[in-house]
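Peer 1: I have a structure here, written as structure tokens, and I will follow up with some questions on it.
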Amino acid sequence: MMDERKHTVLQMSAMPLGGDPHLEDHFNVVHLHDILENGSPEILRSIKGIATTARGPIDAELIGLLPSLQIIASYSAGTDGIDVTAARKRGVPVTTTSQLIAPEVANLAIGLMLAVSRRIAEGDRYVRQGMWSNGPMPLGNSLGDCRLGIVGMGNIGRTIADRARPFFREICYFGPHRKTDLSYGYHSDIIQLARHCDYLVICCPATPATRNLIGAEALAALGSNGYLINVARGSIVDEEALIDAIARETIAGAGLDVFAREPDVPEVLRQSDRVVLLPHVGAATVEIRRAMAHAMVRSLIDHIS
-17 MMDERKHTVL QMSAMPLGGD PHLEDHFNVV HLHDILENGS PEILRSIKGI ATTARGPIDA
43 ELIGLLPSLQ IIASYSAGTD GIDVTAARKR GVPVTTTSQL IAPEVANLAI GLMLAVSRRI
103 AEGDRYVRQG MWSNGPMPLG NSLGDCRLGI VGMGNIGRTI ADRARPFFRE ICYFGPHRKT
163 DLSYGYHSDI IQLARHCDYL VICCPATPAT RNLIGAEALA ALGSNGYLIN VARGSIVDEE
223 ALIDAIARET IAGAGLDVFA REPDVPEVLR QSDRVVLLPH VGAATVEIRR AMAHAMVRSL
283 IDHIS
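Residues in the sequence shown are numbered from -17 upward in steps of one, following the numbering used here.
Next up, the structure:
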């Protein structure tokens, strides 16, 4: 039963663990299966906002079905599954929670760099499997004399750079254009950046332009002493090229929070001691999930007239 005092929003899917936004406290909520099964003109006209995750899927057809739509609020930082162009043509803003996740994603990126360089996960397994009594495990590497290359100098990239300053002797970045307010070295060519740095961390958006941005050539340029860190999206890395580089040891290792076909992770990556794997936890902390849910609801309230 609809409450006539409340506006109506479409909730595309369940929100991630710990991120229940309690939309029903503020809105009449309809779900995607409701409009697929009973997409009456009255229901479609009543929907003024969409609450979604980055995966959507929200395409031009769905946007076109909702004549009263005023806002698409994404619970996450990305807009991978949202047709932002179609929304823009309709004058419908798309909001994200990217400003909230930068600190924790940056912390995770630093953690992955330390994990691969100091072989932390491998050391944990070494102790648990009773290998310590056989002698010392292989040595890791220091970060202090290394260069860090950041792919994408947005909120997350800048926060990674701030966190990384005490660890690295040089920080540089790649992006569509130079940031005039930053003193870090800028590379307009991704291959040049990969060749220049020891650690290459990916934190740019997933767009058609960045799909497979890190391919065989970039990995070859990173070289046998270089590490790849990905806290962005799996689509930005050519996963087959990465598997080949790990199998042939043409890069030193990788720290990965994201993959091309989640939750499926290729066996070569799962079996390699030189790869540290996480199940796309990004900014997934109790505190950040709550803040993201609150921000999404606030965005819906602020935009719906």
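The C-beta atom is built at its ideal place from N, Cα and C for all residues, glycine as well.
(1) Can at least three beta-carbon pairs, one atom from the stretch 94 to 104 and one from the stretch 247 to 263, be found at a separation below 8 angstroms?
(2) Is there contact between the stretch 42 to 57 and the stretch 273 to 287, where contact requires at least three CB pairs shorter than 8 angstroms?
(3) May I ask which residues mark the beginning and end of the alpha helix (DSSP H) holding N20?
(4) Candidates R151, C186, G122, T34: which alpha carbon is nearest C179's?
(5) Short of 7 angstroms in beta carbon distance, which residues of its chain neighbour R61, apart from the five on each side in sequence? Order them along the chain.
(6) Suppose you measure from the CA of V268 to the CA of G0; what does that come to, to the nearest Å?
(7) Taking its Cβ as the centre, do 16 or more other Cβ atoms sit within 10 Å of E(-14), making it buried, or is it exposed?
(8) When the Cα atoms are used, what is the spatial distance from G157 to V133?
(9) Roughly how far, in whole angstroms, is the beta-carbon of S206 from the beta-carbon of A242, given that I think they are within contact range, below 8 angstroms?
(10) Smallest Cα separation from H169: which of T141, C154, V219?
(11) What residue does the beta strand (DSSP E) around I29 start on, and which one ends it?
(12) Anyone know if the C-beta pair for I225 and R193 falls short of 8 angstroms?
(13) Is DSSP giving A243 helix, strand or coil here?
(14) State buried or exposed for G131, treating a residue as buried only when at least 16 other CB atoms are found within 10 Å of its CB.
(15) I need the straight-line Cα distance from M(-16) to N10, nearest angstrom please.
(16) Whose CA, out of M135, I142, I172, lies closest to the CA of T162?
(17) Residues in the same chain with beta-carbon distance under 6 angstroms from R160, minus the five sequence neighbours each way, listed in chain order, please.
(18) Between L48 and the rest of its own chain, which residues show a CB-CB distance below 7 angstroms, the 5 nearest in sequence each way excluded?
(19) Give the straight-line distance between the Cα atoms of A227 and G216, rounded to the nearest whole angstrom.
(20) As an exercise, report each continuous alpha helix (DSSP H) stretch of at least 4 residues that is fully enclosed by the stretch 133 to 157, in chain order.
(21) Considering only the alpha carbon of each residue, which of P3, V87, S56 lies closest to A266?
(22) Scan the stretch 199 to 252 and note each continuous alpha helix (DSSP H) run of 4 residues or more that stays entirely inside, going in chain order.
(23) Among P23, V12, G21, L18, which one has its Cα closest to the Cα of T34?
(24) Near A69, what residues of its chain come up, given a Cβ to Cβ distance below 7 angstroms and the 5 sequence neighbours on each side ignored?
(25) Return the CA-CA distance between M113 and G105, expressed in angstroms with no decimal places.
(26) Hey, could you find the ends of the alpha helix (DSSP H) Q174 is sitting in?
(27) Tell me where the beta strand (DSSP E) around G167 begins and ends.
(28) Near G63, what residues of its chain come up, given a Cβ to Cβ distance below 7 angstroms and the 5 sequence neighbours on each side ignored?
(29) Going by CA-CA distance only, name the one from Y166, Y108, I184, L282 that's closest to P118.
(30) The beta strand (DSSP E) spanning T67 covers which residue range?
(31) L14 and V(-9) - do their beta-carbons sit closer together than 8 angstroms?
(32) For A42, which of E19, V183, T67, L82 has the nearest alpha-carbon?
Peer 2: In short:
(1) yes
(2) Segments in contact, yes.
(3) Residue numbering aside, residue 20 sits at position 38 when the sequence shown is read from its first letter. Residues 14 to 20.
(4) Taking the sequence shown and counting its residues from 1, the one referred to as residue 179 is at position 197. Per the Cα distances, R151.
(5) Translated into the one-based positions of the sequence shown, residue 61 becomes position 79. Here residue 61 is Thr; the residue named in the question, Arg, does not match the sequence. These residues qualify, in order along the chain: A36, V76, T78.
(6) Translated into the one-based positions of the sequence shown, residue 268 becomes position 286. Translated into the one-based positions of the sequence shown, residue 0 becomes position 18. Each residue's alpha carbon lies about 6 angstroms from the other.
(7) Counted from its first residue, the sequence shown places residue -14 at position 4. That one is exposed.
(8) For the purposes of this step, residue 157 is taken as the residue at position 175 of the sequence shown. For the purposes of this step, residue 133 is taken as the residue at position 151 of the sequence shown. One C-alpha to the other measures close to 6 angstroms.
(9) Here residue 206 corresponds to residue number 224 of the sequence shown, with the count starting at 1. Here residue 242 corresponds to residue number 260 of the sequence shown, with the count starting at 1. The Cβ separation is near 23 angstroms, so there is no contact.
(10) Numbered from 1 along the sequence shown, position 187 holds the residue referred to as residue 169. Taking only the C-alpha atoms, the option nearest H169 is C154.
(11) Translated into positions along the sequence shown, residue 29 becomes position 47. 29 to 34 is the extent of the beta strand (DSSP E) around I29.
(12) Translated into the one-based positions of the sequence shown, residue 225 becomes position 243. Translated into the one-based positions of the sequence shown, residue 193 becomes position 211. No, Cβ-Cβ distance for I225 and R193 is not below 8 angstroms.
(13) Indexing the sequence shown from 1 puts residue 243 at position 261. The identity of residue 243 in the sequence shown is Arg, whereas the question assumes Ala. DSSP places R243 in strand when its eight states are reduced to three.
(14) Translated into the one-based positions of the sequence shown, residue 131 becomes position 149. Looking at its Cβ environment, which holds 16 or more other Cβ atoms inside 10 Å, G131 is buried.
(15) Counting from one through the sequence shown, the residue named residue -16 turns up at place 2. Counting from one through the sequence shown, the residue named residue 10 turns up at place 28. Going from the Cα of M(-16) to the Cα of N10 covers about 6 angstroms.
(16) Taking the first residue of the sequence shown as 1, we reach residue 162 at position 180. Of M135, I142, I172, the residue nearest in Cα terms is M135.
(17) Residue 160 sits at position 178 when you count from the first residue of the sequence shown. For R160, where only same-chain residues beyond five positions count, the Cβ hits under 6 angstroms are Y168.
(18) By one-based count along the sequence shown, residue 48 stands at place 66. The residues are L26, I29.
(19) Mapped onto the sequence shown, residue 227 falls at position 245. Mapped onto the sequence shown, residue 216 falls at position 234. Cα to Cα, the separation comes out at about 16 angstroms.
(20) 137 to 146
(21) As a position in the sequence shown, residue 266 is number 284, starting the count at 1. A266 has its Cα closest to that of V87, out of P3, V87, S56.
(22) The alpha helix (DSSP H) runs lying completely inside the stretch 199 to 252 and spanning 4 residues or more are 221 to 229, given in chain order.
(23) As a first step, residue 34 is located in the sequence shown; it is residue number 52 there, counting from the start. Ranking P23, V12, G21, L18 by Cα distance to T34 puts V12 first.
(24) Taking the first residue of the sequence shown as position 1, residue 69 is located at position 87. Taken in chain order, the residues that qualify are I45, I54, V76.
(25) Numbered from 1 along the sequence shown, position 131 holds the residue referred to as residue 113. Numbered from 1 along the sequence shown, position 123 holds the residue referred to as residue 105. Take the alpha-carbon of M113 and the one of G105: they are about 10 angstroms apart.
(26) For the purposes of this step, residue 174 is identified with residue 192 of the sequence shown, where counting begins at 1. Start and end: 172 to 178.
(27) Sequence index remark: in the sequence shown, residue 167 carries index 185 (1-based). Here the beta strand (DSSP E) through G167 covers 167 to 169.
(28) What you label residue 63 is simply residue 81 of the sequence shown in a count that begins at 1. Excluding positions up to five away in sequence, the list reads A36, R37, G38, P39, I40.
(29) Working through the sequence shown from its first residue, we reach residue 118 at position 136. For the set Y166, Y108, I184, L282, the Cα lying nearest the Cα of P118 is the one of Y108.
(30) Sequence index remark: in the sequence shown, residue 67 carries index 85 (1-based). Not the beta strand (DSSP E): T67 falls in the alpha helix (DSSP H), residues 66 to 71.
(31) Your numbering for residue -9 matches position 9 in the sequence shown. Your numbering for residue 14 matches position 32 in the sequence shown. At least 8 angstroms separates the beta-carbon of V(-9) from that of L14.
(32) In the sequence shown, counting from the first residue as 1, residue 42 sits at position 60. Closest option to A42, Cα to Cα, is T67.
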